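Here the working numbering is used: the first residue of the sequence shown is 42, the next is one more, and so on. Cβ coordinates follow ideal geometry from the N, Cα and C atoms, glycine included. A quick note: this is a predicted structure, and the numbers were derived from the prediction, not measured. Input: a single structure, listed below in structure tokens.
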Amino acid sequence: MRRCIRPVSAVDPDLHVVTTVGGGQHEYDLLLLALGARTIEAVPGTLTFTGPKEGPALARILKEAVNGEITSIAFAVPPGASWPMPLYELALLTRAYLVDRGTTGVEITLVTPEASPLEIFGATVGEVVAELLEARGIDLRLATTPVTFLGGSLEVEPPGGIEADRVVALPWLEGPPLRGVHQDMHGFVEVDEHGAVSAEDDLYAAGSHLVPGQAGWYRGAAGRRGRGGDGGTGGRSD
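In structure tokens form, the structure reads like this:
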């Protein structure tokens, strides 16, 4: 086995050759792509949550709420976000944190363009999540797209505003470009149920640079959320 630590610049699936930055070429029998993705701010003016590195900023928001300095927090899922679960978790954990410290009177709102909560998982899960949010006193705004946060108001579509002292939002994800591999307009790669790149032989992909919603993408998103790795928990789809 040979180990080469250099960025990949191109793949030739027909010749089974990988080209690295600097021009080095390496033949392969099977190739697994795990390119990661970069985060992009989706809702200007908000705290963009990409993982554990936002912990200190979230801690400051919680401290402000406990100290009575703020009375409303919104969590915003941007349009096209493909893995919204972390934001639902944050909203529920925030409520639990405040309750544990005897803090009442803080409004928590979850804003999402989804038709139902976590709709990627289906109607049954959506019903359970909706009931859980209601039981925890979290205001759920469905079919509502966050646009920007300015002057204490989260502007949304359809046109309107939601008053909030602080807003936490998910980012968009964008896959890095790679010559020789078909990617959509946001840099995502499409695979089949086995992780094989569409229309290519001996080429596989896994992780957060896959077209959102595919099996391998779920595994990449879950791993990224756990380690705060290659960036973000949202994504853009066509």
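Between V49 and L219 a beta carbon distance of about 7 Å is seen, short of the 8 Å cut, so the two are scored as contacting.
Taking each of Y129, E175, E241, F190 in turn and checking the Cα distance to L159, the smallest one comes out for Y129. Comparing alpha-carbon positions, the option among P127, L88, K104, F229 lying closest to L139 turns out to be K104. Per the coordinates, the alpha-carbon of E172 lies some 27 Å from the alpha-carbon of F190.
Nearest to N108 by C-alpha distance, out of G143, S194, A164, P85, is G143. Note on geometry: alpha-carbon atoms of T135 and V197 lie some 22 Å from one another. Look at the region 73-130 and you find these whole runs of alpha helix (DSSP H), each 4 residues long or longer: 96-107. In this structure V188 does not touch A115 by the C-beta definition: roughly 13 Å separates them, more than the 8 Å allowed. Under DSSP, Q66 shares a beta bridge with T60. Here the region 88-95 makes no contact with the region 220-232; the two share fewer than three CB pairs at distances below 8 Å. Annotated three-state conformation of T165 is helix, per DSSP. For L191, the enclosing beta strand (DSSP E) starts and ends at 186-191.
Closest in alpha carbon position to T61, among H227, E148, G221, is G221.
Residue L151 holds the alpha-carbon nearest to the alpha-carbon of M126 among D242, L151, D243, V147. Contact between A132 and I179 holds, since their C-beta atoms are separated by about 5 Å, short of 8 Å. Residues H57, D243 of the same chain have their beta carbon placed closer than 8 Å to that of D70, with the five preceding and five following residues left out of the count. Excluding five sequence positions before and after L183, the CB atoms of its chain that fall closer than 7 Å to its own CB belong to T153, E155, A156, S157, given in chain order.
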